[in-house]
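In our numbering, the protein residues as written are 13 to 418.
Structure first, then comments.
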Amino acid sequence: MRSTLAIAVSLATASLLASSACAPRTAGLEARKEADARFQRTTSLVSFDQAKQAFESGELEKARKEVEKALARSNREAKYWSLLGRIELESKRLERALEAFAKAIECDPALAEPYYYRGIVHQRWSQNDKAIADYLKASEIDTERISYVLAAAEVMIAERQLDDARMLLLPKLAYFEHNAAMHELLGDIAALSGDPVAAAASYERATVIDPEAPLIGEKLVAVLFDSGEYQKCLDTARRQRERAAAAQATGKRFIPSRETMRHEGRSLNMLGRITEARIVFSDTVREYPEDADAWRDLATAALALGDVARAQSASERLVALAADDPSGYMLRGMVADQKGVYDEAVRWHRLACDRAPRNAEMKVALAIALRNMGKKDECVSVLREALALEPQSELAQRAMAIVNDQ
């Protein structure tokens with residue numbers, strides 16, 4: 013009996029010792045888990061790098077599959093979720109992009125990138141307040157990245173939050189003094205605030221930093237004209253023309269914008285160089301044959317130079333392009349006046365007044381045609397209508413004085 017009990021105890025003890033020897037220790041389990049986690053992170057990084065390369069080369073479907081592999085192995089990496097969001101954004105799957113960026117922010121609230129790209133999604137949905145908040149958060153996290161600040165300022169400007177945009181940009185100006193986009197946005201704010209002089213100063217600084225940026229040059233031309241700096245406007249517009257010629261010489265095609273060409277011609281006109289202005293207006297209608305404003309400018313310059321044939325063809329084109337624009341009919345009437353066909357002139361001027369019944373200038377033009385036709389009483393009546401509309405109109409007062417002296 014004792015022998016049997018001893019054997020049983022011995023066997024039980026041996027079994028416990030064997031069990032203890034085979035069971036892994038806690039430290040061993042943790043080490044194994046950590047090794048497995050390292051392996052998963054390493055392999056996920058390989059997939060992430062491949063996804064990034066595919067994304068940068070425009071292979072969106074391949075990029076999506078690779079980043080999803082990375083997330084399957086390690087789904088707490090914010091940069092993986094952010095890349096997935098960018099892929100979905102490029103694929104125009106905005107809802108999925110938003111979800112991915114939210115996940116990235118959840119994984120790492122200190123990563124700036126997903127806030128910025130989520131801001132783009134909100135902006136595309138016209139949720140501009142949310143877009144601004146995301147852009148500002150991104151700029152708060154990464155103060156070295158000026159693009160985040162500029163994105164916020166652009167939306168503020170679009171929303172006409174001009175003071176907020178100005179107060180956002182000005183403190184950054186000293187640090188980003190050599191950033192052309194910063195000065196361009198400050199110019200936009202000044203232009204929209206009705207200060208073309210300040211706008212011109214900002215745009216000029218931007219063009220010094222980046223002389224190859226055509227849009228800044230176009231904006232500078234416009235504000236120089238608005239500020240009455242006609243010679244500077246002309247010089248700047250002609251530099252744009254020189255760029256166009258240089259580009260064409262290298263096989264590229266660069267055409268100055270219609271606004272730049274228009275301001276060049278109008279500056280010449282304001283400087284009294286009407287013959288040169290007509291040439292520029294002719295170039296403009298050749299490049300932009302559907303631009304009604306350019307045909308109006310050409311007709312006006314041609315009339316001023318006594319080029320009746322050119323004025324007639326240009327005004328006819330204007331009427332064809334913009335049937336509701338009264339200026340085309342008025343110009344047709346002025347051409348008829350120049351040709352001495354006064355009944356036709358009166359007809360065209362009446363058509364102009366029909367389209368702009370409260371425009372004093374149109375009525376004065378009709379009155380002059382009526383006077384030339386010998387209808388003094390009706391002429392005086394129309395001039396009185398013009399003066400009732402604009403009592404301070406020097407043109408109407410001068411015409412009335414001439415008629416009364418006859």
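We put the CB at the ideal spot given by N, CA and C, even for glycine.
Threshold first: 4 residues or longer. Then list the alpha helix (DSSP H) segments lying entirely within the region 370-394, N to C. 372-384
How big is the Cα-Cα spacing for C34 and L83? Per-residue confidence for C34 stands at a pLDDT of 46, beneath the threshold of 50, marking its modelled position as unreliable; no derived number is given.
Where D295 sits in the DSSP three-state scheme: helix
Is L378 closer than 9 angstroms to R396 when the C-beta atoms are compared? no
My output table needs one value for L123: the three-state DSSP class, helix, strand or coil. coil
Do A249 and T272 have their C-beta atoms closer together than 9 angstroms? yes
For A18, the three-state DSSP class (helix, strand or coil): The predicted position of A18 is uncertain, since its pLDDT is 49 and thus under 50; no value can be drawn from it.
Runs of beta strand (DSSP E) lying entirely within the region 297-322, each at least 3 residues, in chain order: none
Within 10 angstroms of its Cβ, does V331 collect 16 or more other Cβ (buried), or is it exposed? By the beta-carbon neighbour count (other beta carbons within 10 angstroms, threshold 16), V331 is buried.
For S327, which residues from the same chain have a beta carbon less than 7 angstroms from its beta carbon, with the 5 sequence-adjacent residues on both sides left out? A311, G340, L343, R344 and V347
Let me confirm a value: L418 is counted as buried when at least 16 other C-beta atoms fall within 10 Å, else exposed. Which label applies? Looking at the sequence provided, one finds Gln at residue 418 rather than Leu. Result: exposed.
P403, DSSP secondary structure in three states: coil
Determine whether the beta carbon atoms of P208 and L185 lie at a separation below 9 angstroms. no
State buried or exposed for T296, treating a residue as buried only when at least 16 other CB atoms are found within 10 Å of its CB. buried
Do L283 and L246 have their C-beta atoms within less than 9 angstroms of each other? In this structure, L246 lies closer than 9 angstroms to L283 by Cβ.
Count the other CB atoms, across all protein chains shown, that sit within 10 Å of the CB of K64; report buried if there are 16 or more and exposed otherwise. buried
Is it buried or exposed, K104, if we count other Cβ atoms within 10 angstroms and call 16 or more buried? With fewer than 16 Cβ atoms within 10 Å of its Cβ, K104 is classed as exposed.
In this structure, how does DSSP classify A33 when only helix, strand and coil are distinguished? Caution is warranted here: a pLDDT of 47 is assigned to A33, below 50, making its placement in the model unreliable, and no coordinate value can be reported.
Taking the alpha carbon of A109 as the reference point, which residue from C119, G97 and I291 has its own alpha carbon closest? G97
Rounded to the nearest angstrom, what separates D154 and A124 at their Cα positions? Each residue's Cα considered, the two are about 6 angstroms apart.
Unbroken stretches of the alpha helix (DSSP H), 4 residues or longer, contained in the region 160-211: 174-185 and 192-204
Pairwise C-alpha distance: S239 and E373: 24 angstroms
Please report the Cβ distance between A164 and L148, rounded to the nearest whole angstrom; I am assuming they are in contact, meaning their Cβ atoms lie under 8 angstroms. In this structure A164 is in contact with L148, their Cβ atoms being roughly 5 angstroms apart against a cut-off of 8 angstroms.
Can you list, in chain order, the residues of its chain with a C-beta nearer than 7 angstroms to that of Q277? Leave out the 5 residues immediately preceding and following it. According to the sequence displayed, residue 277 carries Gly and not Gln. Cβ within range, chain order: A289, V292, F293, T296 and D309.
Suppose contacts are defined by Cβ-Cβ distances below 9 angstroms. Is Y160 in contact with Y187 by that definition? no
Just how far apart, CA to CA, sit D141 and E89? Approximately 28 angstroms between the Cα atoms of the pair.
Who are the near neighbours of K388 in its chain, counting only those whose CB is closer than 7 angstroms to its CB and skipping five residues on each side? V415
Endpoints, the alpha helix (DSSP H) within which L227 is located: Segment P226 to D238, the alpha helix (DSSP H) holding L227.
Suppose the cutoff is 6 angstroms on Cβ atoms and the five residues either side in sequence are ignored; what does the same chain contact list for T287 look like? Same-chain partners within the cutoff: there are none.
For P208, would you say it is in contact with chain B, using Cβ-to-Cβ distances shorter than 9 angstroms as the test? Absent from the structure is chain B; it holds one protein chain and no more.
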